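Q:
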Amino acid sequence: MTTPPLDVLVVGAGPTGLTAAILLGRAGVQTYVVARHPGTAQHPKAHVINARTMELLRQWGLSDAVSEAALPPERGLGMGWMTRMTGRELGRITVDDDPAVLEAMLTKSSEILRSCPQDVLEPLLLQAAEAHDCVTVDFATEVLTVDQDGGGVTTRARSVADGTERTFRSLYVLGADGAHSTVRRRLGIPAPQLQASGHMMGVHFTADLAAYQRDRPYLLWWITNPDTQGVFITLDGQRRWTYMFGYDPDVRPAEHFTPERCARIIRRAVGAPDVPVEVHGVFPWQLETAIAERFREGRVYLAGDAAHRFPPTGGFGMNTGIQDAHNVVWKLVHVLNGTAGEALLDTYETERRPVALANAEQSVINAERVARTGALFADPSSLLDIENDQSPDGAAMRARIAAAIPAQREQAFITGQTFGYIYDSAAVVEDGTTAPKSTVSEYRPTARPGARAPHVWLRTATDEVVSLLDAISDHFAVLTGPEGQTWEDAAAEVGHRYGLRIVTLRIGADCPWADEAGQWQELYEVGPSGCVLVRPDGHVAMRCPADPADALDFLTRAMTQILAREETSPATTPGRRHSHSLSAGGV
């Protein structure tokens, strides 16, 4: 069976694929999603949703639902290291140990990092995607072949339930089908490992561990003893947990770790041999670092784990994938609408692959630091005395681990890594400035082109307080000061010429968008007549500190570059989607 022609086929319905479906649906793009799994995730898997991803969920109307489903913030304020949950505590890192850091986190964004397990998040994303009539999601459907020509992509897929085959014809394909991506393999794109791998076991269980937690508000509980080394992750702050630990498949294969055996391991890690433990799932996975050599092949794009895989230390994986989708979809939408040239799509890999490499590098650094605490892949024989209060070797070992704990701060404090990356591509108009460099922990806001537009609270004419990023949403936006009328006029004209919706925000004390804190001009480094152009993904595209001689010409040339257009004449029908007629042989 051959399905009707599509704009975009998304392969994979995890967080990355479902994010793409939401964004394509919001833009009215005819989208079909297929996934080989029978439904949304049954295992908690990833759980960290960083503040940048929360900002995006906020724009899509999902942040309240995710926050409600997430771990309460006061129950996830840091991490602790201990021999067992009931044993000796070796050290900790918590946000409330450093009020200045917490204050900085709260002022850099409208949102904060949340912990929401993937099996809870995915149904919320699915519901949001399926709310759009132009989006269809089919589970239990595996992709067999992906073939493309100059006019489109032909994808053959099969129902896992009954073997029925279907052929999809689409203009583009987004491969978001995970670490073992069929799409990536069919494209022949290598994804070499950048770091030696290890094997991990994730155990999802419920148990009443309140008596052992006491008043410790940890999200992660790192365990180091001769019986087991790993990490507890609290999923609801009460009874729902994951315990992850390393194993060697050459010594004991994954099948050896039955629910009963895993329950015994968990009891040893807790230090309570009689505590009732109900195991809901055992999930073996590989701890590895790998980046695809290319994120694009013709009309097919890779995102999420299909494009990059790195250790979970730092929680970058799911967030990087969601932000991949956010980057590529606005570009696909503009190309499909005829408002941008095909060359705009080249900037997806140019912008996102360096971010994946940077996040991979930091994840590996974090994993190596954790290993120094004995909580990952330690030799059990080296830990025999760690719980012995009478042993000098045990005391020295505990002191050595305690000394290694302060270096783990970059797992807990990642504001700079979250917001500080700056794109460098043809979809950014350079202004010759040098941006202040963020560190992993410290974010130094900048409106240099390529950077994420810094967060500022604004008050509207109706007395509503909103984040600047919420006001922009997923449109192009011209931000200007009290004397920026020429920029508003230019935005209206360029929008008419190119068939674009360009949001304009005049910002100042007595402007329609009131900057009551007086931050905007200083933070964005523009004068009262200056302008900042922000892309639909919230990154700065162009900045002009003052009104130039010809604002219309300046903005026109900038938009022409950003959208990879070859002409500046008015669109035939502003905002009209191109109509496509696809057949097996192309357009």
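Each residue of the sequence shown is one higher than the one before, starting from 1 at the first, in the UniProt record's numbering.
Think of the CB as a built atom: it goes at the ideal place given N, C-alpha and C, for glycine as much as any other residue.
Fair warning: this is a prediction, and the values are worked out from it, not measured in the lab.
(1) Which of the three DSSP states, helix, strand or coil, is assigned to G416?
(2) Spatial neighbours of E525 within its chain, please: C-beta separation below 7 Å, excluding the five flanking residues on both sides.
(3) Should the region 164 to 178 be regarded as contacting the region 61 to 78, the criterion being three or more beta carbon pairs within less than 8 Å?
(4) Buried or exposed: which applies to T2, given that a residue is buried once 16 or more other Cβ atoms fall within 10 Å of its Cβ?
(5) State whether the region 37 to 57 contacts the region 10 to 22, with contact taken as three or more CB pairs (one from each stretch) at a distance under 8 Å.
(6) So, under 8 Å CB-CB, I93 and Q408 are touching, yes? Tell me the CB distance rounded to an integer number of Å.
(7) Among residues of its own chain, excluding the 5 on either side of R459, which ones have a beta-carbon nearer than 7 Å to its beta-carbon?
(8) Tell me the DSSP secondary structure of M244 in three-state form.
(9) Provide the residue(s) that pair with S467 in DSSP beta bridges, ordered along the chain.
(10) Give me, in chain order, the residues of the same chain whose beta-carbon lies closer than 8 Å to that of R576; leave out the 5 immediate sequence neighbours on both sides.
(11) Have a look at L209 and P276 and give me their C-alpha separation to the nearest angstrom.
(12) Leaving out five residues before and five after H455 in sequence, what residues of the same chain have Cβ atoms less than 7 Å from its Cβ?
(13) From A254 to V203, what distance separates their C-alpha atoms?
(14) Kindly indicate the opening and closing residues of the beta strand (DSSP E) around H280.
(15) For the pair the region 259 to 277 and the region 308 to 322, tell me if three or more CB-CB distances fall below 8 Å.
(16) What's the C-alpha gap between I422 and Q30?
(17) Measure the alpha-carbon distance for D98 versus R535 and round it to whole angstroms.
(18) Check each candidate in G152, A20, Y348 and name the one with the smallest Cα separation from E130.
(19) Would you mind reading off the limits of the beta strand (DSSP E) that contains I507?
(20) Under the three-state reduction of DSSP, which class applies to T2: helix, strand or coil?
(21) Going by DSSP in three states, H199 sits in which element: helix, strand or coil?
(22) Which residues bound the alpha helix (DSSP H) around I265?
(23) Could you compute how far the alpha carbon of P449 sits from the alpha carbon of I562?
(24) List the DSSP bridge partners of M82.
(25) Tell me whether R501 is buried or exposed, calling it buried when 16 or more other Cβ atoms sit within 10 Å of its Cβ.
(26) Does DSSP classify G175 as helix, strand or coil?
(27) Where does G585 sit, in a helix, a strand or coil, going by DSSP?
(28) Give me whichever residues DSSP pairs with M542 in a beta bridge.
(29) For Y32, collect the residues of the same chain with a Cβ closer than 6 Å to its Cβ; drop the 5 residues on either side in sequence, then sort them by chain order.
(30) According to the Cβ coordinates, are F476 and P445 closer than 9 Å?
(31) Identify, in the order they occur along the chain, each residue of the same chain with its Cβ nearer than 7 Å to the Cβ of A272, setting aside the five sequence neighbours on each side.
(32) Distance check for E349 and R296, CA to CA, integer angstroms please.
(33) Are there 16 or more other CB atoms within 10 angstroms of the CB of K437, so buried, or fewer, so exposed?
(34) Between which two residues does the beta strand (DSSP E) holding S381 run?
A: Considering the structure as presented:
(1) helix
(2) A447, P545
(3) no
(4) exposed
(5) yes
(6) 6 Å
(7) V465, A514, E516
(8) strand
(9) W457
(10) Residue confidence is low: R576 scores 37 on pLDDT, short of 50, so the model does not pin down where it sits. Its coordinate-derived value is still stated next. Only N337, G338, G499 meet the Cβ criterion.
(11) 9 Å
(12) K108, S109, S110, S467, L468, L469
(13) 12 Å
(14) 278 to 291
(15) no
(16) 31 Å
(17) 35 Å
(18) A20
(19) Careful: I507 lies outside any beta strand (DSSP E) and carries neither H nor E.
(20) strand
(21) strand
(22) 259 to 270
(23) 11 Å
(24) E89, I223
(25) exposed
(26) strand
(27) In this predicted model, G585 has a pLDDT of only 29, less than 50, meaning its place in the structure is not dependable enough to derive any value.
(28) L533
(29) L6, L9, T136
(30) no
(31) T86, Y212
(32) 7 Å
(33) exposed
(34) Looking at the DSSP string, S381 is not in any beta strand (DSSP E), and its letter there is neither H nor E.
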